[in-house]
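The structure appears right after this line, and notes come after that.
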Amino acid sequence: MGITATPFKGLQIRFNGALNKHEFLDYTEKGISYNGKEISNAPHWIHNAEISYRPLFLKGLRASVEWQKMSRYYTDPLNLYSYKGFDILNTRFGYMTGVMEIWLNVINLLDAYYAVNSSRSNFGTSYSMGEPRNFTLGISYDLGKIIRSKSN
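What follows is the structure in structure tokens.
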């Protein structure tokens, strides 16, 4: 499910989410019944929400804050172990003028310690760790605009 709203010019609010429940109805393996158990590694809730602002008084500037969430889920088929899920905040800033854009993205703003995936086996729990806080600074040029302006 997704929704986007623009309460006023320059401000956009976006939300995308999914609510799920994955459950075995009739499943037995090696004499063990999994009936009624939740399928492992399947969170009930995942969402991504973002507030973006492009001020009218400073054309070309943009700023946004994004919240990513994954809820708790079981990491084994018997539903004995679980992973708590995570919440991540990201920010993005940019400024475009003419043919050039410069931007700064801060991913995992609060430097949360989290796993993008977790699973359980006979050897224990394994985690695929998420990225620590990181910064991306970029600059781009629109060559198409440069070429078009020279041909006119």
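Quick note: the sequence shown uses my numbering, first residue 1174, plus one each step.
We put the beta carbon where it would ideally sit given N, CA and C, even for glycine.
Small disclaimer: the values here were computed from a predicted structure and weren't measured.
Under 7 Å between C-beta atoms of F1230 and K1210: no
Extent of the continuous beta strand (DSSP E) run through K1242: L1234 to M1243
E1274 vs S1313 beta-carbon contact at 7 Å: yes
Under the three-state DSSP convention, the category G1204 falls into: coil
For S1213, three-class secondary structure by DSSP: Three-state DSSP puts S1213 in coil, outside helix and strand.
Per DSSP, the bridge partner or partners of I1224: I1186 and V1238
Coarse secondary structure for L1316, derived from DSSP in three states: helix
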